[in-house]
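A short write-up of the structure that comes next.
Number of protein chains: 4
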Amino acid sequence: MKNTFGSSVSITIFGESHGAAIGAVLDGLAPGIPVDEEFIAHQMDLRKAVGSISTARHEADKVRILSGVFNGKTTGTPITFMIENQDQHSRDYGELAYKARPGHADFTAMMKYHGHQDFRGGGHFSGRITAGIVAAGAVAISALKAKGILIGTHILSCGGICDRSFSPDLENDILSLGSKEFAVLDDSVKAPMTERIEAAKNNGDSVGGRLETAVYGFPAGVGEPWFDTLESMISHMFFSIPAVKGVEFGDGFALADMFGSEANDHFRSCGSTACTSTNHNGGILGGISSGMPIIIRTAVKPTPSIYKEQDTVDMRDMSDTTLTIKGRHDPAIIHRARVVLDSAAALVLCDQLALRFGTDWLAAQN
Amino acid sequence: MKNTFGSSVSITIFGESHGAAIGAVLDGLAPGIPVDEEFIAHQMDLRKAVGSISTARHEADKVRILSGVFNGKTTGTPITFMIENQDQHSRDYGELAYKARPGHADFTAMMKYHGHQDFRGGGHFSGRITAGIVAAGAVAISALKAKGILIGTHILSCGGICDRSFSPDLENDILSLGSKEFAVLDDSVKAPMTERIEAAKNNGDSVGGRLETAVYGFPAGVGEPWFDTLESMISHMFFSIPAVKGVEFGDGFALADMFGSEANDHFRSCGSTACTSTNHNGGILGGISSGMPIIIRTAVKPTPSIYKEQDTVDMRDMSDTTLTIKGRHDPAIIHRARVVLDSAAALVLCDQLALRFGTDWLAAQN
Amino acid sequence: MKNTFGSSVSITIFGESHGAAIGAVLDGLAPGIPVDEEFIAHQMDLRKAVGSISTARHEADKVRILSGVFNGKTTGTPITFMIENQDQHSRDYGELAYKARPGHADFTAMMKYHGHQDFRGGGHFSGRITAGIVAAGAVAISALKAKGILIGTHILSCGGICDRSFSPDLENDILSLGSKEFAVLDDSVKAPMTERIEAAKNNGDSVGGRLETAVYGFPAGVGEPWFDTLESMISHMFFSIPAVKGVEFGDGFALADMFGSEANDHFRSCGSTACTSTNHNGGILGGISSGMPIIIRTAVKPTPSIYKEQDTVDMRDMSDTTLTIKGRHDPAIIHRARVVLDSAAALVLCDQLALRFGTDWLAAQN
Amino acid sequence: MKNTFGSSVSITIFGESHGAAIGAVLDGLAPGIPVDEEFIAHQMDLRKAVGSISTARHEADKVRILSGVFNGKTTGTPITFMIENQDQHSRDYGELAYKARPGHADFTAMMKYHGHQDFRGGGHFSGRITAGIVAAGAVAISALKAKGILIGTHILSCGGICDRSFSPDLENDILSLGSKEFAVLDDSVKAPMTERIEAAKNNGDSVGGRLETAVYGFPAGVGEPWFDTLESMISHMFFSIPAVKGVEFGDGFALADMFGSEANDHFRSCGSTACTSTNHNGGILGGISSGMPIIIRTAVKPTPSIYKEQDTVDMRDMSDTTLTIKGRHDPAIIHRARVVLDSAAALVLCDQLALRFGTDWLAAQN
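Residue numbers (my numbering), protein chains in the order written: chain A, 16 to 381; chain B, 16 to 381; chain C, 16 to 381; chain D, 16 to 381.
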């Protein structure tokens, strides 16, 4: 499988940055889930470019649903989301047919596709392709929400500025993120973060950052001990989002420096089940959900399109040359990537829940 | 899929810590690859307990090959590795049938398997199950080596002590790790690391660490832009190894704090292809191998079996109780996990190569 | 997986008979394969309704390619085919929202989708959805042809009239079928067959038939001994085509009545390889291609939409009722199904070849 | 995937006819299902050679369970079945290292595995490998039975002699087959059938036959409309059983000659659901189960090992030669194959049920 992910609930994505259209086919979602086109549009807006800290390319990103929705609800058969491309400036990209942009996939695409790839705007490698994930993810997020499962992602750090972490009142933290264009939990960090992004932009440069995703209300007992652990499935999906270079769960890399006595989460009676008094393991033990919040942190590298002159090769003969990128590019994508991670996580979790509890579960009344 | 990973080359693992036997079925490997049983035994030894810093449980871990090898070579049909369990002290585990060990999978196993899981020694969740991965991985490592592809993992940090990173002379770094029981590149850090492990052990505690894996000689153009990116496939596999809580590629999380101008790897002419002058992206761009070394860092949490009294629940009624673990346990597994990561990486890469270049490629003469 | 088939080369289909659009995403095909839109249109025409023996519904079935083709060739990334629905008479279907048409999927759809399915015109169960398979299959057929692999299907029997079987000059038999609207090898059987179809139509009834598919030039050594045998993969695909109720290879069911001495195909030297003097096994032995022509016969049941009154249930309360179907329906689909089988076979075989010989093989120069 | 089948419930098989051991790993079955080793042994006996109409090779076929069963029940983790090979006469097979047996997979194995295959006794292609399917299938059959789902297969025809079809009292028909060594519904056909087999044997020849499988009590609403139709999944599995060359559902190929008015099954009120007054469609409509009995007929070709001299090639240089097979072989396998089909069907259906209703369903109390 290449552009398809998932087993019981699956997504297939297609399209290129400057092709006719991009989109996604979402298959296997339970029949009878309400499809809220306004919410889809809202999520698409969150993914879109925002003011001075984003690319000047503006796409309406209007989602057209071609199949799988009837009387406002999922039918249980494939839902197809199509987004026509409109604001393409393909003339900007001439030289990039043969000069490999550093940090981009141009060179590896050439090694794999032998020059047949659509190089315009990054083609099928473009972050633009995540629009299909966001459209499909919006339906998945709605389905999870109806079952009491909430997902939220915030910018944990950007340009050296850190947001606070999720608080014990996770439900409200997630709800507070819902409508923010620039998703930070502590609103006072928004200004310094955007200043750093703008400073980078003014310097022809770019910045990356870290995102923190939390899942609230996810039931215990979902996942597998081997190969398809919950961490495996989530990381598999997250590492397919462009620019993601690290994924950790719970305290992640910090666990490597702890003693067992610090890292272990103690169980405590919690109604008819058990909770843990800490959550260093991020809601997953032995690959299976514990019922505690699932915590994921993701490293996003700085956008590789910068305006400084860079060394590279001319791929026609692999000779040395230099490149100065023009066109419209994001000085940061961290604020746009957050809704992609929410969507990606929702798709993984819907699949896991359907595998565990059956294909009807997501639409079943509690 | 649960205990099976891979598409063209796949592994299926089975067994419980205190069951009759553990093992693996390795399917799809090209016919005609020499199977070196001594090398398999050598790899099994690297995974085994070492002296004072490991569990007192000693298993011969003798691998019996049940199928798939004929005249000393792979047949192309499933290779089955069986390892009989021998040194089991199941009497040590009585109380653990109902008390959830903090940091372990006991509670999540109960949520998933409703009490039918084999709880003895962690059952199917035990790190012991990685023995099958190591046996199968040994054949995969041999196959890759014959194609000029080397894999090596060292202990980048343990108990706060750091090893040096891989040097530009990666080939020799990897070869130097091959026979080390305690895999560090700078031998002078072995003593302080093992001291920290022993100190933790003497304190009834445990430590974790970070592992760094490098792949040398892997061809460019392997992987996918979406969903089955090379990072996705490797992280999927690595996050199924017990105690792994973080995976990063190239500079990973450190990339989040860089400018684009620092993070981009510039391309340079390199014979008939291109190399990069730096390798911040760890040999993978757009999900596809660039031909540069693949660099993976993995966070391993401290082993959760410690000898201090801990709070937990009695799972029979989810009431609060305390637990003091007895029996034989590792104060660290970082030195044993390194060969598991080598093996796991080899299995993923064999699968990717077979998908890309066909099922015979791994056995083909260059 | 539900609406996705294939591993290295895969197809995902979507749409409903009376929805906005239907289509397919074809993923994993080698980069650099010419995409001939005229040939796609030609194949779509073969699938369309023909004169008096088909439904009066007329769709332009214009295929729009949304992605995956650049400079007239495959890019190696997903190719999306979209066909907008136009000539819908949804008003014809009111009563069918709750009365289960005998022989159709209405009742089983209700059991699976709980009333959320799009029932109009059969919704996602409609034979119309095969248009996406034909569009994608056209590219697969072209790719195979460039490698010397030809696929052809003829109507072996319909309404009790039989066509002759494929002759030893298989290549020319297949080529002769290419442009026939009503695909029979012996043109003299066309008139009596169509008469039987028209007679059934005039009687408010319908007929089925048998199709015979041959693959010429397929290389030996492709397939698997277990589970993913070539027969398994082809039958898996063929049994997902509506109305198919039987699939056999070589002499198929007739083999059950032979002696071994009659059924065995003797090998004979054939240049640097071996052929068989007969082909009772239909080009597949032990699940793997032998290099002889692959022969598949498929049973197609009569179209279940007939104009006679039939007993059925009202699915609102599962009470007994009767139903007289109105609207536009095919008295036979056998002549339209043949191009669907060609397309379906081509998709399976492209996948098998890519798995066996690598992702670039289909586009490689011989 | 090669030797693995299934998604939620999967089986992986391994071994060669003359290797150390054969077996299977059954993964994903719900925890808490009783594992009855006597029933497994009983099923293994049904697959074994019977008297004068079978091979003289006698294997104890004692099944050793290596994992996945604890306190007599499934744990939910992989169950491994190992059967050691014992009665091997490998000396019989020398010449067969290079002469391709007509009707066997020797030639296609050579094309795929390039001479590295274990040719002894057919190696991994041997019908002996079905023993693992039968062992695993026995647990699946037990699980289904506890949910009221019964599976039975009888010899519908052999050597030109026909058994009666299943009667309306399907439950008792299936129960009556359970313990029969030679599975016919009408016991009076046993003698003539075995006579035909013995006659073929005495003539150095072999016979095939047709098997009919019925599934009773399978719930409605299971399966998919496209690609993974219930027919697709069952045929995929059945066509991987050696010697199967045709599969049909319901009236199968006979439907091709019916009118729609004859083939359509009329729905009738049936308690809170609907039944059909006939079952021409074999319990599956639109790829989804209707709740009616699932009916499958399978063509089994005559065993290709016959004692007559046959033309073939010497695969060392592909030159013409002749071959007279020696050793111990079955003049028919139809009576042994029936339990393989029961087992294979059970594995497919368990997977389908787990995908539909969740991983715990099979073990849940009604």
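Ideal Cβ positions, reconstructed from N, Cα and C, are used throughout, including at glycine.
Here the structure is a predicted model, which is why all the values come from computation and not from measurement.
Determine which residues share a DSSP beta bridge with residue i and list them.
| i | result |
| --- | --- |
| Cys177/B | Ser172/B |
| Leu338/C | Gln325/C |
| Ile309/C | Val230/C |
| Met97/A | Gly38/A and Arg79/A |
| Cys290/D | Arg283/D |
| Lys114/D | Asp329/D |
| Glu52/A | Glu52/A pairs with nothing; no bridge assigned. |
| Ala314/D | Arg225/D and Gly261/D |
| Leu238/D | Going by the sequence as given, residue 238/D is Gly instead of Leu. Answer is Ile303/D, bridged to Gly238/D. |
Just tell me which of the options has its CA closest to the CA of residue i.
| i | options | result |
| --- | --- | --- |
| Leu41/A | Glu52/A, Gly21/A, Ala269/A and Tyr322/A | Gly21/A |
| Tyr322/B | Asn218/B, Ala120/B and Gly43/B | Asn218/B |
| Ile299/B | Ser276/B, Phe264/B, Thr288/B and Glu277/B | Phe264/B |
| Glu186/B | Met333/B, Ile309/B, Thr339/B and Gly47/B | Ile309/B |
| Met11/B | Leu171/D, Gln132/D and Thr90/D | For residue 11/B there is no data in the structure shown, the boundaries of chain B being 16 and 381. |
| Gly38/B | Arg343/B, Ile98/B, Asp202/B and Trp376/B | Ile98/B |
| Gly137/C | Gly147/C, Ser157/C and Ala115/C | Ala115/C |
| Asp243/A | Phe140/A, Gly175/A, Asp60/A and Gly301/A | Gly301/A |
When you compare the CB of residue i with every CB in chain C, is at least one pair closer than 8 Å?
| i | result |
| --- | --- |
| Thr374/B | yes |
| Ser82/A | yes |
| Met333/D | yes |
| Ser6/D | This structure does not reach residue 6/D, given that chain D is present from 16 up to 381, and the question cannot be answered. |
Quick one: list the residues of chain B neighbouring residue i, beta-carbon separation under 7 Å, in chain order.
| i | result |
| --- | --- |
| Thr19/A | Phe242 |
Does the beta carbon of residue i come closer than 8 Å to any beta carbon on chain B?
| i | result |
| --- | --- |
| Phe233/A | no |
| Asn100/A | no |
| Phe122/A | yes |
Taking 8 Å as the CB-CB limit, is residue i close to chain D?
| i | result |
| --- | --- |
| Thr92/A | yes |
| Thr8/B | Because residue 8/B is not part of the residues shown, which for chain B are 16 to 381, the question remains open. |
| Asn296/C | yes |
| Gln132/B | yes |
| Arg179/C | no |
Taking C-beta pairs closer than 9 Å, name the residues in chain C that residue i reaches, listed in chain order.
| i | result |
| --- | --- |
| Ser23/B | Ser22, Ser23 and Leu370 |
Is the Cβ of residue i closer than 8 Å to any Cβ of chain A?
| i | result |
| --- | --- |
| Leu270/B | yes |
| Tyr113/C | no |
| Thr89/C | yes |
| Gln325/B | yes |
Just to make sure I have the definition right: I need the residues of chain D whose C-beta is within less than 8 Å of the C-beta of residue i. Which are they?
| i | result |
| --- | --- |
| Thr95/B | Phe29, Gly30, Ala36 and Gly38 |
So which residues of chain D does residue i contact, with C-beta pairs closer than 9 Å?
| i | result |
| --- | --- |
| Ile144/C | Pro240 and Trp241 |
Could you work out which residues of chain D lie near residue i, taking near to mean beta carbons separated by less than 7 Å?
| i | result |
| --- | --- |
| Val222/C | Phe274 |
Taking residue i as the query, report the chain B residues whose CB atoms sit under 9 Å from its CB, ordered along the chain.
| i | result |
| --- | --- |
| Asp42/D | Met16, Lys17, Asn18, Thr19, Thr27 and Phe29 |
| Ile321/A | Phe274, Gly275, Ser276 and Asn279 |
So which residues on chain A does residue i lean against when the C-beta distance must stay under 8 Å?
| i | result |
| --- | --- |
| Leu300/B | Gly118, His119, Ala120, Phe122 and Thr123 |
Using 8 Å as the cut-off, can you tell me whether the stretch 311-320 of chain B makes contact with the stretch 25-37 of chain B, which would need three or more C-beta pairs spanning the two stretches below that distance? Here the stretch 311-320 of chain B makes no contact with the stretch 25-37 of chain B; the two share fewer than three CB pairs at distances below 8 Å.
At least 3 beta-carbon pairs within less than 8 Å: the stretch 164-171 of chain D vs the stretch 227-234 of chain D: Taking 8 Å as the limit for Cβ pairs, the verdict is that the stretch 227-234 of chain D does touch the stretch 164-171 of chain D.
Quick check: the stretch 269-286 of chain A against the stretch 168-184 of chain A, are at least 3 beta-carbon pairs closer than 8 Å? Fewer than three Cβ pairs drawn from the stretch 168-184 of chain A and the stretch 269-286 of chain A lie within less than 8 Å of each other, which leaves the two stretches out of contact.
The stretch 202-218 of chain A in contact with the stretch 326-339 of chain A per 3-pair CB rule at 8 Å: Short answer: they don't touch.
Touching by the beta-carbon criterion (3+ pairs, under 8 Å), the stretch 194-201 of chain A and the stretch 244-260 of chain A: Short answer: they don't touch.
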